[in-house]
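Visitor: Starting off with a structure, shown below.
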Ligand SMILES: NC(=O)c1ccc[n+]([C@@H]2O[C@H](COP(=O)([O-])OP(=O)(O)OC[C@H]3O[C@@H](n4cnc5c(N)ncnc54)[C@H](OP(=O)(O)O)[C@@H]3O)[C@@H](O)[C@H]2O)c1
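Shown next, in the form of C-alpha cells:
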C-alpha cells in the first residue's frame, strides 16, 4: 500500500469518479486526507460517494462530461475558486467497446475517441496552468489495450494508444516546468467497465464479462496505482498474468500473436 500521508492535503481532481477504479481511488485517497474534486456525468452517484468519504466536507462534486470540452474552462475556474490549486489530475474517465471494427458504427468510433482521447487531452490542457504552478502530476489511465490491439476493441485500443504518444510528448515538454506524468496500464480489473462498454450499434454491452469478473480486485489495483503515483513512475502495468503479454509482444512478437488470438474477447 502507498505510504500514509503522501496525499495529505493534496488537491486531486479525478475524472470517472462515479464507478470502478475512480470510485475506489476516491475512497483510498480520502483515507489519505486528499481533497478531492469528483467528476463524471452522474451527479447523483458522485453525491452518494462524497457522502461516504472520509472528510466529506473537504471534497467537491463537479459533474463533467468528457465529450463536452466547451464546459472545461468553466469547471476549471470553479475548482480554482474553491481550492486555488490542483496538485494531481487523474484522467481516469473512459468508455470501452465490445464490437468488431467492421460492425461498429461511425458514431461509436467517434464517441470513444471523443471521450477517451479528445476530452482527456483537452481537459489536461485546461488544467495545465494550475499544474505548472503546483509542479504537479497528471495520472493517465490507459490500458494494456494501449499496448496491443485486441478483439472487439479497435477504437478503444486506438484511443488508448493515442494517449501514450500525447502524454510522452507532453511529459518531455513539461519536465522543465516541474510537471510529471504517470501513465497507468491496467489489465483485467474487476469493475463494471464491460457492462458500460459500447456495442457496435452504440448501445451498452450490458454484460459483466467473465474476464472482468475474474480480474484483479479493484482495491488491489488502486493500491498499486497509488504507489506508482507516489514514485512518479512514467508508466506502470497493473493486473495479473495478462500484463505479461506486453513483455511478450516486445521480445517474442510471433509467439505473442499465436497466444493472443486464442484469448477470449469477453
Ligand atoms: N476495468 C478494467 O479492466 C480496465 C482495464 C484497463 C483500463 N481501464 C480504464 O480504467 C478507467 C476506469 O474504468 P473502470 O474500469 O473503472 O470502468 P467503469 O466502472 O465503467 O468507470 C468508468 C468511469 O468513466 C466515467 N465516464 C464514462 N463516460 C464519461 C464521459 N463522457 N464523461 C465523463 N465521465 C465519463 C463513468 O462515469 P459516468 O457514467 O458517471 O459519466 C465512470 O465513472 C477507464 O479509462 C478504462 O479505460 C479499465
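Numbering (the numbering used here), first residue to last: 67 to 332.
Note that CB positions come from ideal geometry on N, CA and C, so glycine has one too.
Fair warning: this is a prediction, and the values are worked out from it, not measured in the lab.
(1) Is the Cβ-Cβ distance between residue 154 and residue 78 less than 7 angstroms?
(2) Find the nearest neighbour of residue 136 within the set 95, 192, 90, 91, judged by alpha-carbon distance.
(3) Could you give the first and the last residue of the continuous beta strand (DSSP E) run that contains residue 80?
(4) Excluding five sequence neighbours on each side, which residues of the same chain lie with their C-beta closer than 7 angstroms to the C-beta of residue 225?
(5) Could you tell me which of 233, 263, 273, 206 sits nearest to residue 175, measuring between CA atoms?
(6) Going by the DSSP bridge assignment, what does residue 301 pair with across the sheet?
(7) Using DSSP with H/G/I as helix, E/B as strand and the rest coil, what is residue 163?
(8) Is DSSP giving residue 322 helix, strand or coil here?
(9) Which two residues bound the contiguous alpha helix (DSSP H) that contains residue 284?
(10) What does residue 154 pair with, by DSSP beta-bridge criteria?
(11) What does DSSP give as the partner residue(s) for residue 126 in the beta ladder?
(12) Suppose the cutoff is 7 angstroms on Cβ atoms and the five residues either side in sequence are ignored; what does the same chain contact list for residue 68 look like?
(13) Mind reading off the beta-carbon distance from residue 207 to residue 158? Whole number of angstroms is fine, and I expect it under 8 angstroms.
(14) Give me the Cα-Cα distance between residue 188 and residue 138, rounded to the nearest whole angstrom.
(15) Is there at least one non-hydrogen atom of ligand 1 closer than 6 angstroms to the beta-carbon of residue 116?
(16) Is the CB-CB distance between residue 242 and residue 164 below 7 angstroms?
(17) Give me, in chain order, the residues of the same chain whose beta-carbon lies closer than 8 angstroms to that of residue 314; leave out the 5 immediate sequence neighbours on both sides.
(18) List the residues that DSSP assigns as beta-bridge partners of residue 264.
(19) For residue 329, does the three-state DSSP call read helix, strand or coil?
Guide: Quick answer:
(1) Judged by their CB atoms, residue 154 and residue 78 are nearer to each other than the 7 angstroms cut-off.
(2) The alpha carbon of residue 136 has as its nearest neighbour, out of 95, 192, 90, 91, the alpha carbon of 192.
(3) 77-81 is the extent of the beta strand (DSSP E) around residue 80.
(4) Contacts found: 178, 179, 182, 183.
(5) The shortest Cα separation from residue 175 among 233, 263, 273, 206 belongs to 263.
(6) Its beta-bridge partners are 249.
(7) Strand at residue 163.
(8) Helix at residue 322.
(9) For residue 284, the enclosing alpha helix (DSSP H) has its first and last residue at 284-296.
(10) Answer is 78, 203.
(11) According to DSSP, which records beta bridges pairwise, residue 126 is partnered with 103.
(12) Legend: pLDDT at residue 68 = 49, less than 50; position of this residue unreliable, value from coordinates given subsequently. Only residues of its own chain outside the window of five on either side were considered, and among them 289, 292, 293, 296 have a CB closer than 7 angstroms to the CB of residue 68, listed in chain order.
(13) The Cβ separation is near 4 angstroms, so the contact holds.
(14) Cα-Cα distance, rounded: 8 angstroms.
(15) Ligand 1 never approaches residue 116 closely enough for any of its heavy atoms to be under 6 angstroms from the residue's Cβ.
(16) Cβ atoms of residue 242 and residue 164: not closer than 7 angstroms.
(17) Listed in chain order, the non-local C-beta contacts of residue 314 below 8 angstroms within the same chain comprise 321, 322, 325, local neighbours out to five positions each way being set aside.
(18) DSSP lists 163, 270 as the bridge partner or partners of residue 264.
(19) In the structure shown, residue 329 falls within a coil segment according to DSSP collapsed to helix, strand and coil.
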